[in-house]
Amino acid sequence: MAFYSLKATCIGLLYSLIVYLLVFYCCADANQTSILVEINHGVSGGLWAELVRNRGFEAGVGTTSNIYPWSIIGDNSSIYVSTDLTSCFERNKVALQIQVLCGDTKPCPSSGVGISNPGFWGMNIEKGKKYKIVFYVKALAISDLKISFTGFDGVTLASTTVT
511 MAFYSLKATC IGLLYSLIVY LLVFYCCADA NQTSILVEIN HGVSGGLWAE
561 LVRNRGFEAG VGTTSNIYPW SIIGDNSSIY VSTDLTSCFE RNKVALQIQV
611 LCGDTKPCPS SGVGISNPGF WGMNIEKGKK YKIVFYVKAL AISDLKISFT
661 GFDGVTLAST TVT
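Right under this line is the structure:
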C-alpha cells in the first residue's frame, strides 16, 4: 500500500491540469480553419468594382472556348465566337474573336448578331451616368459596331454606334 502526501497529490494534479490545457490549446491552434464568405461575387472584382461578369474572358484562360456567362446574340448560322491568347491588352491575354456569317448574301437576324453579358444578377445601369467601355476591334471590312445596354425585357436603355 502506497501513501502519498497531500502536497505531492496537489502538485501532480496541477501538472496534469497544465499539460491538459497545453494539449487542448495546441490542438485548437492546429485545427483552426479559415473561412472566406464570398458575398455577391465580391472576390470576383469587388462588390461595386465592375458590372460585367467575366469581362476579360479570363474564365476561359485554361479552356479558351469558355466565355460563360456571355451568350451569343443571333443563331449559330449567323455568328461564330471563339477565344484565343492574342489580345493586344497587356493585362488581359485572352481575346474574343467574332466571325459574322451573315450580311451580303445571307440576311442577319433582325435582333442583330453579337454577344451579351448578364452581369452579376443584372447590371445597375442608371440614367444620366456615364459608363466606360474599353475594347479593341480589328475588322476585315469596314462596318458599324453598335454597343447597347438592353434590359431583360429587350428594351434598349442606351446605345451608341462605333464606326
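Residues 511 to 673 in our numbering are what the sequence shown spells out, letter by letter. Glycine residues also receive a C-beta, built at the ideal position from the N, C-alpha and C atoms. For clarity, every value in this text was computed on a predicted model and none was experimentally measured.
With a Cβ-Cβ cutoff of 8 Å, do residue i and residue j count as a contact?
i, j, result
"THR670", "ILE657", "yes"
"VAL591", "ILE625", "yes"
"PHE567", "THR593", "yes"
"PHE662", "ALA668", "no"
"SER621", "ILE582", "no"
Below 8 Å on the Cβ atoms is my contact criterion, and I expect residue i with residue j to pass it. Report the Cβ-Cβ distance as a whole number of Å.
i, j, result
"PRO628", "ARG565", "Contact flag wrong, Cβ pair sits at about 12 Å."
With a CB to CB cut of under 7 Å and the five nearest residues on each side skipped, what residues in its chain are close to residue i?
i, result
"CYS612", "SER588, CYS618, VAL623"
"TYR578", "ASN564, ALA569"
Return helix, strand or coil for residue i, following the three-state DSSP convention.
i, result
"ALA668", "strand"
"ALA605", "strand"
Counting only the same chain and skipping the five closest in sequence on each side, list residues whose C-beta sits under 6 Å from that of residue i.
i, result
"ASP654", "THR671, THR673"
"ILE635", "PHE659, LEU667"
"TYR646", "CYS598"
"MET633", "LEU561"
"THR615", "none"
"ILE608", "VAL591"
"TRP580", "ILE625, ASN627"
"PHE534", "Confidence at PHE534 is low in this model, with a pLDDT of 48, below 50, so the placement of that residue should be treated as unreliable; the coordinate-derived value is given next. So no residue of the chain qualifies."
"LEU606", "PHE567, THR593"
"ALA651", "none"
Sorted by chain position, which residues of the same chain lie with C-beta nearer than 8 Å to residue i's C-beta, five sequence neighbours on each side aside?
i, result
"ASN602", "GLY566, PHE567, GLU568"
"MET511", "Unreliable positioning characterises MET511 in this predicted model, as indicated by a pLDDT of 46, which lies under 50. The coordinate reading is nonetheless provided below. Closer than 8 Å at Cβ, skipping near neighbours: no residue."
"LYS640", "none"
"GLU600", "none"
Please indicate yes or no: does the CB of residue i lie closer than 7 Å to some heavy atom of the ligand GTP?
i, result
"SER658", "The model on display carries no ligand, and the ligand GTP is accordingly not part of it."
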